[in-house]
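Student: Would you mind keeping the following structure in view while I ask a few things?
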Amino acid sequence: MSAWETVIGLEIHAQLATRSKIFSGAATAYGAAPNTQACLVDLGYPGVLPVLNAEAVRMAVRFGLAIGARIARQSVFARKNYFYPDLPKGYQISQYELPIVAQGAIDIVLEDGSVKRIGVTRAHLEEDAGKSLHEGLGALTGIDLNRAGTPLIEIVSEPEMRSAKEAVAYMKKVHTLVRYLEICDGNMQEGSFRCDANVSVRPVGAQKFGTRAEIKNINSFRYVEKAIQYEVARQIELLESGGKVVQETRLYDPDKGETRSMRSKEEANDYRYFPDPDLLPLELDEAYIEAARAELPELPDAKAARFASQYGLSVYDAGVLTAGRDLADYYETVVRAVPTQPKLAANWVMGELAAALNKEGLEVGSGRLPAERLAGLLTRIADATISGKIAKELFEAMWSTGQDADALIEAKGLKQITDTGAIEQAIEAVMAKNPAQLADYRAGKDKLFGFFVGQVMKATQGKANPAQLNELLKKKLSG
Amino acid sequence: MIHRETLTQLSADLRARKVSSVELVRTFLARIEASQPTLNAFVSITAEQALADAEAADRRLAGGGGGALEGVPIGHKDLFCTAGVRTSCGSRMLANFVSPYDATVVARLKAAGAVMLGKLNMDEFAMGSSNETSHFGPVRNPWNTALVPGGSSGGSAAAVAARLLPAATATDTGGSIRQPAAFCGITGIKPTYGRVSRYGMIAFASSLDQGGVLAASAEDAARVLREMAGFDPRDSTSVDTPVPDYLAGLGAPLQGVRIGVMKEFFDTGLDPEYERRVREALAVFERLGARVREVSLPNLPLSVPVYYVVAPAECSSNLARYDGVRFGHRCRDPRDLQDLYKRSRSEGFGAEVKRRIMTGTYVLSAGYYDAYYLKAQRVRRLISADFERAFGEVDLLMGPTTPTAAFALGAKTADPITMYLNDIYTISANLAGLPAMSVPCGFAAGLPVGLQIIGPHFAEQALLHAAHRYQLETDWHQRIPEQYA
Numbered sequence: 001m002s003a004w005e006t007v008i009g010l011e012i013h014a015q016l017a018t019r020s021k022i023f024s025g026a027a028t029a030y031g032a033a034p035n036t037q038a039c040l041v042d043l044g045y046p047g048v049l050p051v052l053n054a055e056a057v058r059m060a061v062r063f064g065l066a067i068g069a070r071i072a073r074q075s076v077f078a079r080k081n082y083f084y085p086d087l088p089k090g091y092q093i094s095q096y097e098l099p100i101v102a103q104g105a106i107d108i109v110l111e112d113g114s115v116k117r118i119g120v121t122r123a124h125l126e127e128d129a130g131k132s133l134h135e136g137l138g139a140l141t142g143i144d145l146n147r148a149g150t151p152l153i154e155i156v157s158e159p160e161m162r163s164a165k166e167a168v169a170y171m172k173k174v175h176t177l178v179r180y181l182e183i184c185d186g187n188m189q190e191g192s193f194r195c196d197a198n199v200s201v202r203p204v205g206a207q208k209f210g211t212r213a214e215i216k217n218i219n220s221f222r223y224v225e226k227a228i229q230y231e232v233a234r235q236i237e238l239l240e241s242g243g244k245v246v247q248e249t250r251l252y253d254p255d256k257g258e259t260r261s262m263r264s265k266e267e268a269n270d271y272r273y274f275p276d277p278d279l280l281p282l283e284l285d286e287a288y289i290e291a292a293r294a295e296l297p298e299l300p301d302a303k304a305a306r307f308a309s310q311y312g313l314s315v316y317d318a319g320v321l322t323a324g325r326d327l328a329d330y331y332e333t334v335v336r337a338v339p340t341q342p343k344l345a346a347n348w349v350m351g352e353l354a355a356a357l358n359k360e361g362l363e364v365g366s367g368r369l370p371a372e373r374l375a376g377l378l379t380r381i382a383d384a385t386i387s388g389k390i391a392k393e394l395f396e397a398m399w400s401t402g403q404d405a406d407a408l409i410e411a412k413g414l415k416q417i418t419d420t421g422a423i424e425q426a427i428e429a430v431m432a433k434n435p436a437q438l439a440d441y442r443a444g445k446d447k448l449f450g451f452f453v454g455q456v457m458k459a460t461q462g463k464a465n466p467a468q469l470n471e472l473l474k475k476k477l478s479g
Numbered sequence: 001m002i003h004r005e006t007l008t009q010l011s012a013d014l015r016a017r018k019v020s021s022v023e024l025v026r027t028f029l030a031r032i033e034a035s036q037p038t039l040n041a042f043v044s045i046t047a048e049q050a051l052a053d054a055e056a057a058d059r060r061l062a063g064g065g066g067g068a069l070e071g072v073p074i075g076h077k078d079l080f081c082t083a084g085v086r087t088s089c090g091s092r093m094l095a096n097f098v099s100p101y102d103a104t105v106v107a108r109l110k111a112a113g114a115v116m117l118g119k120l121n122m123d124e125f126a127m128g129s130s131n132e133t134s135h136f137g138p139v140r141n142p143w144n145t146a147l148v149p150g151g152s153s154g155g156s157a158a159a160v161a162a163r164l165l166p167a168a169t170a171t172d173t174g175g176s177i178r179q180p181a182a183f184c185g186i187t188g189i190k191p192t193y194g195r196v197s198r199y200g201m202i203a204f205a206s207s208l209d210q211g212g213v214l215a216a217s218a219e220d221a222a223r224v225l226r227e228m229a230g231f232d233p234r235d236s237t238s239v240d241t242p243v244p245d246y247l248a249g250l251g252a253p254l255q256g257v258r259i260g261v262m263k264e265f266f267d268t269g270l271d272p273e274y275e276r277r278v279r280e281a282l283a284v285f286e287r288l289g290a291r292v293r294e295v296s297l298p299n300l301p302l303s304v305p306v307y308y309v310v311a312p313a314e315c316s317s318n319l320a321r322y323d324g325v326r327f328g329h330r331c332r333d334p335r336d337l338q339d340l341y342k343r344s345r346s347e348g349f350g351a352e353v354k355r356r357i358m359t360g361t362y363v364l365s366a367g368y369y370d371a372y373y374l375k376a377q378r379v380r381r382l383i384s385a386d387f388e389r390a391f392g393e394v395d396l397l398m399g400p401t402t403p404t405a406a407f408a409l410g411a412k413t414a415d416p417i418t419m420y421l422n423d424i425y426t427i428s429a430n431l432a433g434l435p436a437m438s439v440p441c442g443f444a445a446g447l448p449v450g451l452q453i454i455g456p457h458f459a460e461q462a463l464l465h466a467a468h469r470y471q472l473e474t475d476w477h478q479r480i481p482e483q484y485a
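Okay, structure coming up:
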């Protein structure tokens, strides 16, 4: 098996988060009753004309700038001609020869921690098609044109990924990026973010690419990984048994975990692309592009680097905390409240908080536990009001009651005992109660130290400051 | 003889309350009804709505209000979408299509107070030069009903020539306003590409289509165009430059105006008598103080082949939406999707439309795109460059509108190429997006002859002024076919 190298290129379709469609004023909201969000332009009525949505352009430019790409001063909309019932005009308006974004790059982190740069050949604007509905209609097919005309950016990578894992890492990175840029909601169930994977294999060391198959419309990271793995195995098996891979379009069936042929190259449409005469070439000047650049947020890579240096976090932790803009913002809000404890904050955000959110299937932005409230808890750890152990209990109480840390500490009397006299008193009481153990300890049984810690903690309901307790106990036990 | 009045005169009479809109509408409706069996200029006659609109216009006029064309009867070529009224495009495909909205041109003329009497016959999807490709039967030429009125705006031209209407809207993709204007002895203007909104104008070839006016005189055309023209945010190709008042300064002297006579238009295909009439018209301009000289635009003879690549390419895509799914003709009992597409389109489209869809599909296909479509676009730029050079030396270009006067019905239907060659002088202005007119300039063998005037981009005013000045000197535009006089 190791004699083969996998070659993967991805075409990612991201729906742009504009309020109206790319060439009409109809709304883009998801989930409306069929055909209630399709105006005459979306329906391809006789005589209607497309008018480009400026917001979609701005979003595509943001993406281009974020991946260090060239923004075309002039790009051209073309018609991709084919007949299909969910394509009302009989053509899709897309960009063909002159896309708005060309030659960018995206860095991904491989499993061994090294960074690999994946080239982005181009990204272009286009309109989505409608949907064909088959369920509950008997032998009929329904057409819902609500999605027709929704703006998409198609992001085409170079064939530079060499494993399913790399492909997933790349797709995740693009997913992170479009959400950072607030140009796509990234919702994969609703189809807002989906991809086609071009997969081929070749003998290790070969220069020429093998014949590729295109797996269409995969809408989850897991399916991308599985579909590619299946396809790679299929192609290798085919080649090793003396067969040939044919260029074709395949579909991934998640239920069966396999890809199957949809249409061959011979059956492929001749799309007869030509510039759309209803739309003038899109011209962008320097000032427009610079204004868009000025509006870019801090991007994930830059943010991760800053987190690592500013907060002294590991590269891994910085990466986790910057994977989403909401998470990064949450973390920074916490750190601002407890500026001396960036690592403590990172541990809590990635640990207890992430686990609790995950358990309930919530997003960090859900407001379930505001950053200020978690910061309140960490403040009390930092100023030694409570111990780490108590803090975990307290976190659970905060999560379930929605109350803040100080209120709960007060109500439950969880305040740590830091008064030396009080701790000494407790120690003396324990020593008095356990003379045999005390004698053994003093005879050299050091292990019994733990026993005494436990007893004092029990007596103080865990509230004794552990560091102080250790110090005082050592002193007292040794007499 | 109210129908003989110009639109300008009728509009003044309406405002002066010398005549009511209802009277005008009744008069013209009666003429339309009477002419319909012979001329077949109309696809739909909207008498009831027209009378209601005329009454409303009269009320506004009585109150001293109303728009610039208040109460004036007009008709629309049947490819301008009209809310609630069938818009057939001359095709079986849309014979049942009632638009849910008004085209911008329709809305603007409505806002100006014009009253629509009906929808005018045309070549199917504006593809034709004789009005013989209409699903609703051919239109006949009011000068001689054995002859074609020209196309594709044949209904609009015949209606104005026979004074069934004082003016009508039309469109011009390769000569569809100017050629029928010439054949019917009336005045027609195709404005600069982008001057009149294409929103709601059913597309044939989007980069060439342009709405305009057919009228009895340049002044009438100016009056209607002034209301139609202007930027429309719903048409991305419409141009956002102010519309001048085309009527201001009409009749100004032509002293010193430089007129170029396009050498390439006086070729062997031009009928000698037609040529004499055009030369006589040029002599009139010279007498009026214009400086007339010959100019050469060497790439003009390539216009026809370029056009018959570009226009079919665009039409093959524009007409893909007629698939029997959402509107228009649908075949009976389709077996499956392919059958629905095939039969709906086979039944809905006529032969000429199919020919152009096939040609267009071919020239855009993989392996042919570079050789045909791309090359045609390159030559198109050369033709534009020829015009740019010429307009560096002259203010206006002139020549014949067509090679011959109107021909007989059926004379050219067997051979599409000879039909296509009838547009040889008109197509270049569309390819370059230039404003162009046809003005009646006499008769050849008893049939009207058209003088074509082409100007630089957005020179509509200069065209209309020159044409109006010429019409002050001549009376060809006042000639009406005897039967309709």
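Residue numbers (this note's numbering), protein chains in the order written: chain G, 1 to 479; chain Z, 1 to 485.
All residues carry an ideal CB built from backbone N, CA and C; glycine is no exception.
1. Exposed or buried, what is residue 316 of chain G when buried is set at 16 or more other beta-carbons lying within 10 Å of its beta-carbon?
2. Measuring CB to CB, does residue 124 of chain G end up less than 8 Å from residue 99 of chain G?
3. Between residue 472 of chain Z and residue 437 of chain Z, is the Cβ-Cβ spacing less than 8 Å?
4. Taking Cβ to Cβ, would you say residue 214 of chain Z is nearer than 8 Å to residue 153 of chain Z?
5. Restricting to Cα atoms, I'd like to know which of Z:224, Z:358, Z:253 and Z:33 is closest to residue 272 of chain G.
6. Between the Cα of residue 477 of chain G and those of G:4, G:374 and G:426, spot the shortest distance and give me the residue it belongs to.
7. Among Z:60, Z:202, Z:195 and Z:403, which one has its Cα closest to the Cα of residue 98 of chain Z?
8. Quick one: which residues of the region 82-102 of chain G get their C-beta closer than 8 Å to a C-beta of chain Z? List them in chain order.
9. Within 8 Å (strictly less), CB to CB, does residue 324 of chain Z reach chain G?
10. Leaving out five residues on either side along the sequence, give the residues of the same chain with a beta carbon under 6 Å from the beta carbon of residue 463 of chain G.
11. Between the beta-carbon of residue 121 of chain Z and the beta-carbon of residue 155 of chain Z, is there less than 8 Å?
12. Pick out the complete alpha helix (DSSP H) segments inside the region 145-220 of chain Z, 4 residues or longer, and give them in chain order.
13. Which residue comes first and which comes last in the beta strand (DSSP E) that contains residue 412 of chain G?
14. Return helix, strand or coil for residue 434 of chain Z, following the three-state DSSP convention.
15. For residue 253 of chain G, decide whether its Cβ has a neighbour in chain Z, counting only Cβ atoms nearer than 8 Å.
16. Is the Cβ of residue 200 of chain Z closer than 8 Å to any Cβ of chain G?
17. Relative to the C-alpha of residue 215 of chain G, which residue among G:400, G:291, G:150 and G:228 is closest?
18. Considering only residues of the same chain and omitting the five flanking positions on each side of residue 194 of chain Z, which have a CB-CB separation below 6 Å?
19. Is residue 347 of chain Z helix, strand or coil when you go by DSSP?
20. Three or more C-beta pairs closer than 8 Å, one from the region 449-465 of chain Z and one from the region 395-402 of chain Z: is that the case here?
21. Look up residue 448 of chain Z in the DSSP assignment and give the residues it is bridged to.
22. Just to make sure I have the definition right: I need the residues of chain G whose C-beta is within less than 7 Å of the C-beta of residue 234 of chain Z. Which are they?
23. Decide yes or no for the touch test of the region 422-437 of chain Z against the region 171-186 of chain Z: beta carbon pairs closer than 8 Å, at least 3 of them.
24. What residues in its chain sit with their C-beta under 7 Å from that of residue 283 of chain G, if we drop five residues either side in the sequence?
25. When the cut-off is 8 Å and only beta carbons count, does residue 44 of chain G lie next to chain Z?
26. So that I know if they touch, is there some Cβ in chain Z lying closer than 8 Å to that of residue 278 of chain G?
27. Under the three-state reduction of DSSP, which class applies to residue 480 of chain G: helix, strand or coil?
28. Looking only at its chain, what residues have a beta carbon closer than 7 Å to the beta carbon of residue 399 of chain G, apart from the 5 residues adjacent to it on each side?
29. Have a look at residue 56 of chain G and residue 180 of chain Z and give me their C-alpha separation to the nearest angstrom.
30. What do you reckon, are the CB atoms on residue 115 of chain G and residue 106 of chain G nearer than 8 Å?
31. Closer than 9 Å between beta carbons: that is the criterion. Which residues of the region 65-90 of chain Z meet it against chain G?
32. Tell me, please, whether the region 412-421 of chain Z touches the region 280-294 of chain Z by the rule of three or more beta-carbon pairs shorter than 8 Å.
33. Hey, out of G:84, G:276 and G:34, whose CA is closest to residue 76 of chain G's CA?
34. Whole angstroms is fine: what's the gap from residue 244 of chain G's alpha carbon to residue 209 of chain G's?
35. Between the region 330-353 of chain Z and chain G, which residues of the former have CB atoms less than 8 Å from a CB of the latter, in chain order?
36. Taking residue 305 of chain Z as the query, report the chain G residues whose CB atoms sit under 9 Å from its CB, ordered along the chain.
Tutor: For this structure:
1. Taking all protein chains shown into account, residue 316 of chain G has fewer than 16 neighbouring C-beta atoms within 10 Å of its C-beta and is therefore exposed.
2. A Cβ-Cβ contact shorter than 8 Å links residue 124 of chain G with residue 99 of chain G.
3. No, Cβ-Cβ distance for residue 472 of chain Z and residue 437 of chain Z is not below 8 Å.
4. Closer than 8 Å, so yes.
5. Nearest of Z:224, Z:358, Z:253 and Z:33 to residue 272 of chain G, Cα basis: Z:358.
6. When the alpha-carbon of residue 477 of chain G is set against those of G:4, G:374 and G:426, the nearest one is in G:426.
7. For residue 98 of chain Z, the closest of Z:60, Z:202, Z:195 and Z:403 by C-alpha to C-alpha distance is Z:202.
8. So the close ones are 83, 85, 88, 89, 90 and 91.
9. No, no contact with chain G.
10. 416 and 417, listed in sequence order.
11. Yes, the Cβ-Cβ distance between residue 121 of chain Z and residue 155 of chain Z is below 8 Å.
12. Listed in chain order, the complete alpha helix (DSSP H) runs (minimum 4 residues) inside the region 145-220 of chain Z are 154-161 and 178-184.
13. Counting along the chain, residue 412 of chain G falls outside any beta strand (DSSP E), though it belongs to the alpha helix (DSSP H) covering 405-412.
14. Residue 434 of chain Z: coil per DSSP, three-state reduction.
15. By this cut-off, residue 253 of chain G is not an interface position.
16. It does: the Cβ of residue 200 of chain Z has a partner Cβ on chain G nearer than 8 Å.
17. That would be G:228, whose Cα lies nearest to the Cα of residue 215 of chain G.
18. Once the five neighbours on either side are set aside, the close Cβ partners of residue 194 of chain Z are 237, 238 and 239.
19. Helix, per DSSP.
20. Enough Cβ pairs lie closer than 8 Å, so yes.
21. Partner residues in the beta bridge of residue 448 of chain Z, as assigned by DSSP, are Z:443.
22. For residue 234 of chain Z, the chain G residues whose Cβ falls inside 7 Å of its Cβ are 49 and 51, in order along the chain.
23. Look at the beta carbons and you see the region 422-437 of chain Z touching the region 171-186 of chain Z: at least three pairs across the two are nearer than 8 Å.
24. Cβ neighbours of residue 283 of chain G beyond the five flanking positions: 73 and 74.
25. Chain Z contact via Cβ: present.
26. Closer than 8 Å: yes.
27. Coverage of chain G is limited to positions 1 through 479, which leaves residue 480 of chain G absent and any answer about it impossible.
28. Cβ neighbours of residue 399 of chain G beyond the five flanking positions: 356 and 369.
29. So the alpha carbons of these two residues sit roughly 44 Å apart.
30. Not a contact, by the Cβ cut-off of 8 Å.
31. Going along the region 65-90 of chain Z in chain order, one finds 79, 80, 81, 87 and 89 with a Cβ nearer than 9 Å to chain G.
32. With a cut-off of 8 Å, the region 280-294 of chain Z and the region 412-421 of chain Z do not count as touching, because too few Cβ pairs lie within range.
33. Ranked by Cα distance from residue 76 of chain G, the first of G:84, G:276 and G:34 is G:276.
34. If I take the Cα positions, the gap works out to 13 Å.
35. Against chain G - using a Cβ distance shorter than 8 Å - the residues of the region 330-353 of chain Z are 337 and 341.
36. Within chain G, not a single residue places a beta-carbon under 9 Å from that of residue 305 of chain Z; the smallest gap is close to 18 Å.
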